[in-house]
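Here the structure comes first, spelled out in structure tokens, and everything after it is commentary.
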Amino acid sequence: LHAVLDDSLKSLAPRAHDKGLELACHIAPDVPAVLGGDPSRLRQIVVNLVGNAVKFTDAGEVVVRVERVGGDHAMASVRFSVSDTGIGIPPEKIASIFEAFTQADASTTRRYGGTGLGLTISSRLVRLMGGAISVESEPGRGSTFHCTLPFEVRAAVEGSGPRRGFADLAGLSVLVVDDNATNRRILEEVLRGWGMRPTLVDGGTAAVQALQDAYDTGAPFDLGLIDFQMPDLDGFALAELIRSRPEFSTTLLLMLSSVGHRGDTIRSRERGIAMYLTKPVRQSVLLDALLTVRAGSDARPAASVPAKAPEQSGVSLRVLLAEDNAVNSLVVTALLAKRGHTIVAVTDGRQAVDAAARQTFDVALMDVQMPELDGLEATQAIRAAEALSGGPRLPIIALTAHAMKGDREACLAAGMDGYLPKPINAADLFSLLASFPAAADAPAPRAAEVTLQEPAVNVAEVLGRVDGDTELLRELVALYRGGAPRLLAEIRRCVESRDAFGLQGAAHALRGASANLGAHPTVRVTQALERMGRASELADADRCLADLEREAQRLDEALDELSGVGL
Ligand code: ADP
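Quick note, the numbering used here runs 1343 ahead of the 1-based positions in the sequence shown.
Right, dumping it as structure tokens:
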């Protein structure tokens, strides 16, 4: 049932969004998740009713409610109600709209198009399925179509309905920020059903107030569910505001949006939003998201344990952050503060040089493009000062947006020690910092020790490529994992038996698959093997194969990590 409704609504969501309508769906918890019936006919009816509702509504909302209204252990009588806030239907026309080729208003065809057949077909289908359809309407205020259908109750099978238990969510406090009252009510009921404690507010200002109040009483919110489209402050702006306040850093944020834009997932990450979901959100998807976000935060206890000292994951570092983009700076600061690091944030290269001269830091994160002195010049100035004073060497990590060829070389040549591509990925940042001992405890690391290894998968890039569609990414990963081991075995066989032709083919196939995943290190080695195969030059193939085995292992671990965070 959930899948049928999800499919039907997803197809209509863009049209509703274009008209600025809120489209919501609520399936009552007592409706069995798996029913025996005709899914394609049900889809046809739902699409007709919701399609009409969207068509005849210019402002407000369209809401689908699904309830169980009767039946027994074997049969369930399920009522689907589709309400809109549209033009409504005059009482004298109500009887006739279910008749073929009838439209409530003779001018309807001109204004709204349509054939007058949709409801006729729907009502015949409903009757054939043994159900009933009716409508209540008030002209100018809206209509509600009710359609009650009998279904066979089936035992839930694996993979249908909410997949995992929600016991882990019980007792968690969650702030719901949505300007639409219906959405708030639906979310409240759903979240309460999972034992959570929702607080509902209608916009950004009220949200910040609620977060502050909760923090002041020593019980900050565990989670925040933020609607993207809100009049006073859009979801991203609100998230940015929340993430700029360290006292709210323990609240995990999820964003709900009616339209996915290219790059939204990446923008979300940059703003410290743990998950980005498209509305109408299927309950099982929301449940999965909440559990995933929670599970991710359990791995980093500080993020979910309220009002506790920040997690001291190993050492607390003194970090100099030089970044002129305020948002990036806030995000990195919030991430680091949460981990118990101390941050001095400056906004240009000149200030960075001054700060490094005044104070001892364990590591510097340096934007490359900055006003006054850019990151490379600032690094050179800091290195020159160190040479003069004979002081310890400050490890400097470049933060750079352009993944241009030669960028990394330019950074290293300027005296930097490593390189983090933007948008900054929290996991990369933390794993990088974990390699730095605090200066007080240990000698400064030599450059060679801190040179960053290129990540096995460029997550930001691949998310961009799939347009932020995490489901598609999951599929890509599954496809890769389905095929890669066989290709790797084939490459191994070809190298061992010196089969140049076979090597070229297998390496080519594996290269294509890993390129899809933004797995650049693997792409490079497979490319080298492909070239060797083509040229029948296999002298270096064994060394290259060893590299490939190592990269494949790293890639495998990276993909494990990705699935661990819900990707
Ligand atoms: P069509 O939409 O193709 O004209 P339908 O059989 O689906 O045909 O609907 C018949 C008529 O019923 C519509 O033309 C419209 O006048 C009226 N109607 C149906 N749904 C709604 C609604 N949600 N709000 C207002 N009028 C509606």
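Backbone N, C-alpha and C define an ideal beta-carbon position, used for all residues, glycine too.
Under the three-state DSSP convention, the category residue i falls into
i	result
F1423	strand
F1773	helix
G1514	coil
H1684	coil
H1416	coil
T1593	coil
G1761	strand
F1488	strand
I1616	coil
E1404	strand
A1569	Residue identity check: residue 1569 is Ile in the sequence provided, not Ala. Correct three-state label for I1569: strand.
D1710	strand
I1767	coil
L1554	helix
M1875	helix
F1287	Residue numbering for the chain in the displayed model covers 1344 to 1910; residue 1287 lies beyond these limits and cannot be assessed.
Of the listed residues the options, nearest to residue i (C-alpha basis)
i	options	result
V1425	V1405, D1710 and D1607	V1405
V1551	G1514, K1353, P1589 and R1874	P1589
A1376	Q1702, G1718, R1586 and S1627	S1627
P1372	D1760, V1636, A1821 and R1625	R1625
F1399	V1374, R1422 and D1427	D1427
G1692	I1686, E1666, R1701 and A1680	E1666
F1509	T1487, F1488, L1518 and W1537	W1537
V1478	G1734, F1488, R1893 and E1365	F1488
A1699	A1513, Q1723 and L1597	Q1723
E1435	E1481, R1422 and A1396	E1481
R1736	F1704, E1720 and D1750	F1704
E1720	M1759, A1852, V1374 and R1540	M1759
P1433	D1361, G1485 and R1467	G1485
I1476	L1512, V1496, F1423 and L1460	F1423
T1542	L1576, V1374 and G1567	G1567
G1734	Q1702, M1539 and R1610	Q1702
F1773	G1483, A1557 and K1681	K1681
Proximal residues to residue i (C-beta, below 7 Å), its chain only, five neighbours per side dropped
i	result
R1386	V1347, D1350 and S1351
D1903	none
A1769	L1678
Distance between beta carbons of residue j and residue i, contact taken as under 8 Å
i	j	result
V1409	L1355	The pair is not a contact, with the Cβ atoms about 16 Å apart (cut-off 8 Å).
R1411	M1472	Their Cβ separation, rounded to whole angstroms, is 16 Å, which puts R1411 and M1472 out of contact at 8 Å.
G1561	V1520	Actually they do not touch by this definition, with Cβ atoms about 22 Å apart.
E1532	H1369	7 Å
L1534	F1571	With a Cβ gap of about 18 Å, L1534 and F1571 do not count as contacting.
G1876	A1850	6 Å
D1401	G1429	7 Å
N1523	E1365	5 Å
R1390	L1492	Strictly speaking, residue 1390 in this sequence is Val, with Arg absent from that position. Between L1492 and V1390 the Cβ distance is about 15 Å, and since that is not below 8 Å, they are no contact.
L1846	V1838	6 Å
A1549	L1597	Contact doesn't hold; Cβ gap of about 18 Å is too wide.
Cut-off 8 Å between Cβ atoms - residues of its own chain near residue i, not counting five sequence neighbours on either side
i	result
P1842	In the sequence on display, residue 1842 carries Asp and not Pro. Cβ neighbours of D1842 beyond the five flanking positions: R1836.
H1684	S1659, L1660, R1661, V1662 and L1776
Q1694	A1665 and E1715
A1791	For A1791, the pLDDT reaches just 29, beneath the cut-off of 50, and the residue's location in the model is therefore unreliable, although a value from the coordinates is still provided. Cβ within range, chain order: n/a, list empty.
E1284	In the structure as shown, the chain begins at 1344 and stops at 1910. Residue 1284 is therefore absent and cannot be evaluated.
Own chain residues within Cβ distance below 6 Å of residue i, not counting five before or after
i	result
D1565	L1515 and S1516
S1503	A caution first: S1503 carries a pLDDT of 43, below 50, which makes its placement in the model unreliable, though a value can still be read off. Here the set comprises A1376 and V1377.
Sufficient close CB pairs (3 or more, under 8 Å) joining the stretch 1577 to 1586 to the stretch 1611 to 1625: Output reads yes: the stretch 1611 to 1625 touches the stretch 1577 to 1586.
Touch test, the stretch 1763 to 1774 against the stretch 1727 to 1739, Cβ-Cβ under 8 Å, three pairs minimum: By the Cβ criterion, the stretch 1763 to 1774 is not in contact with the stretch 1727 to 1739, since fewer than three pairs of Cβ atoms, one from each stretch, lie closer than 8 Å.
Cβ pair count under 8 Å reaching 3, the stretch 1884 to 1894 against the stretch 1851 to 1870: Under the 8 Å Cβ criterion, the stretch 1884 to 1894 counts as touching the stretch 1851 to 1870, having at least three qualifying pairs.
Inter-stretch contact (C-beta, 8 Å, three-pair minimum) for the stretch 1703 to 1714 and the stretch 1730 to 1744: Output reads yes: the stretch 1730 to 1744 touches the stretch 1703 to 1714.
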